[in-house]
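Residue numbers (my numbering): 1 to 393.
Accompanying notes for the structure given below.
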Amino acid sequence: MKRIVFLAIQLIAITVWSQTNTEVFLFDLQKEGNSFVLNNQRNVSNNEGYDNQPSFFDENTLLFAGTRNGQTDIAAYTIKTNTIRWVNSTPEGSEYSPTKIPDANKISSIRLDKDGKQLLYAYDYKTGKSKALFEDLKIGYHTWYDENIVVSSVLEDGGLSLVVSNLKDNTNKTIQKKTGRSLHKIPNSNLISYISKENENWEIKSLDPLTGVTKKITNTFPNVEDMCWLADGTIIMGKGNSIFKFKPKEDQFWNIFHSFTDKEIGNITRITTNATSTMLALVSDASPEHIVQKQLDAYNKRDIEEFLAAYSKNVKVYDFPEQLQYEGLDKMRTSYAGFFKNTPNLHCEIKNRIVFGNKVIDEELVTVNGSQFSVIAIYEVSNGKISKVTFIR
Numbered sequence: 001m002k003r004i005v006f007l008a009i010q011l012i013a014i015t016v017w018s019q020t021n022t023e024v025f026l027f028d029l030q031k032e033g034n035s036f037v038l039n040n041q042r043n044v045s046n047n048e049g050y051d052n053q054p055s056f057f058d059e060n061t062l063l064f065a066g067t068r069n070g071q072t073d074i075a076a077y078t079i080k081t082n083t084i085r086w087v088n089s090t091p092e093g094s095e096y097s098p099t100k101i102p103d104a105n106k107i108s109s110i111r112l113d114k115d116g117k118q119l120l121y122a123y124d125y126k127t128g129k130s131k132a133l134f135e136d137l138k139i140g141y142h143t144w145y146d147e148n149i150v151v152s153s154v155l156e157d158g159g160l161s162l163v164v165s166n167l168k169d170n171t172n173k174t175i176q177k178k179t180g181r182s183l184h185k186i187p188n189s190n191l192i193s194y195i196s197k198e199n200e201n202w203e204i205k206s207l208d209p210l211t212g213v214t215k216k217i218t219n220t221f222p223n224v225e226d227m228c229w230l231a232d233g234t235i236i237m238g239k240g241n242s243i244f245k246f247k248p249k250e251d252q253f254w255n256i257f258h259s260f261t262d263k264e265i266g267n268i269t270r271i272t273t274n275a276t277s278t279m280l281a282l283v284s285d286a287s288p289e290h291i292v293q294k295q296l297d298a299y300n301k302r303d304i305e306e307f308l309a310a311y312s313k314n315v316k317v318y319d320f321p322e323q324l325q326y327e328g329l330d331k332m333r334t335s336y337a338g339f340f341k342n343t344p345n346l347h348c349e350i351k352n353r354i355v356f357g358n359k360v361i362d363e364e365l366v367t368v369n370g371s372q373f374s375v376i377a378i379y380e381v382s383n384g385k386i387s388k389v390t391f392i393r
């Protein structure tokens, strides 16, 4: 164990998380005394690729942007039946941030066309027919104040600006520059919350869309901009595999709301609840440990397809320290397919494991047709796939 700890210290560098392969998870949310409990975890997207930006259409329907046929469309997940219906079919572009339009059987969503055009559209919930709402705003994120007023984060000058738009009188008013993507109605009020990035420490602020008046509520959890409100006025934000909470006028500091030990949830990036806060949905990429464990399980089953599915297309395999063995899935298939087929007695046992950021370091005891040998494998995970392996034999 000392050896693997020493190697971890020597070899690990902090890695920036990327997120393209994500999943949407749904939970039942129950209040017990002053605490909340999450139960009945389910992966409602369960799909390879980008599944993100959940929002509740009603108490039985969760919307999210889901990958289908190489693009992103609007998925409507029915909670009672555990089924998904695709709302739209627009081959010319992909949809993001689906959101119910108040007092209408419609959904608004940002569509990014293949030619780069990006606009906010309204979609009929039943037919999927769409119509652009604003022809002159490149909206990145949005929420509805009422059926006529949209508060959005508009892409301009290399960043996001907070804009209030009125469909009735066709006006757009910029409130502030240097804002974030998380926009929400504040429970029991006529206000919208947004993230201000004007200062080094990001702030959660309130906005009255009718008057343009803004006020600071609190600082965000450090370097986190995705949040939502519970019905009782508690703010929750996710970072890593934990959710944090803060209740304005009651709390002085952010506190732990829930920490996940489930290896399916590794890095929480979006979070939302239904109107009554009896359900919670979040987005996470799988933890690096979960991904590495899946390829290990496939290795022990000698399942070549499941094994390769854990690796990126351009995976690089090294002998320590930086001697490249080969690169790419095709060469990995060549290396392992015959080995799996011709090795009936094959097993890999993990003796020790260290997880640090996007890296997993395993001390492995490998059995091949009765012979045993030890190896240390250093796995690096990017975008939900193993992108690099270094073996110390």
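Each residue gets a CB set at the ideal place from its N, CA and C atoms; glycine is no exception.
Under DSSP, Met279 shares a beta bridge with Asp28. In this structure, the alpha-carbon of Ser312 lies about 30 Å from that of Ser55.
In summary, Thr276 is exposed, with fewer than 16 beta-carbon neighbours lying within 10 Å of its beta-carbon over all protein chains present. By the Cβ criterion, the stretch 294 to 305 is not in contact with the stretch 19 to 37, since fewer than three pairs of Cβ atoms, one from each stretch, lie closer than 8 Å. Non-local C-beta neighbours of Phe260 in its own chain, meaning closer than 6 Å and more than five positions away in sequence, comprise Asn241, ordered along the chain.
About 6 Å separates the beta carbons of Leu162 and Ser153, which is inside the 8 Å limit, making them a contact pair.
If the five residues before and after Ile243 are omitted, its C-beta is found closer than 6 Å to the C-beta atoms of Ile236, Phe257 and His258, all from its own chain and listed in chain order. Leu296 carries a helical assignment under DSSP once its states are collapsed to helix, strand and coil. The shortest CA-to-CA distance from Asn358 to any of Gly338, Asn352 and Val381 is the one to Val381. Cβ contact annotation for Asn369 (same chain, cutoff 7 Å, sequence separation greater than five): Thr343 and Asn345, in chain order. In the same chain as Asn172, and ignoring 5 residues on each side of it, the C-beta atoms closer than 7 Å to its own belong to Leu137, Val163 and Ser165, in chain order.
Annotation: the continuous beta strand (DSSP E) that includes Phe373 extends over Ser371 to Ser382.
Note on geometry: alpha-carbon atoms of Asn170 and Lys131 lie some 15 Å from one another.
Asp303 and Asp330 have their C-alpha atoms some 16 Å from each other. For Asp124, the three-state secondary structure derived from DSSP is strand. Put simply, of Glu198, Thr214 and Asn199 the residue whose alpha carbon is nearest the alpha carbon of Lys205 is Thr214. Cβ-Cβ distances below 7 Å link Thr179 to Ser153, Leu160, Ser161, Leu162, Tyr194, Ile195, Ser196 and Lys197 in the same chain, with the five nearest sequence neighbours on each side left out; the list follows chain order.
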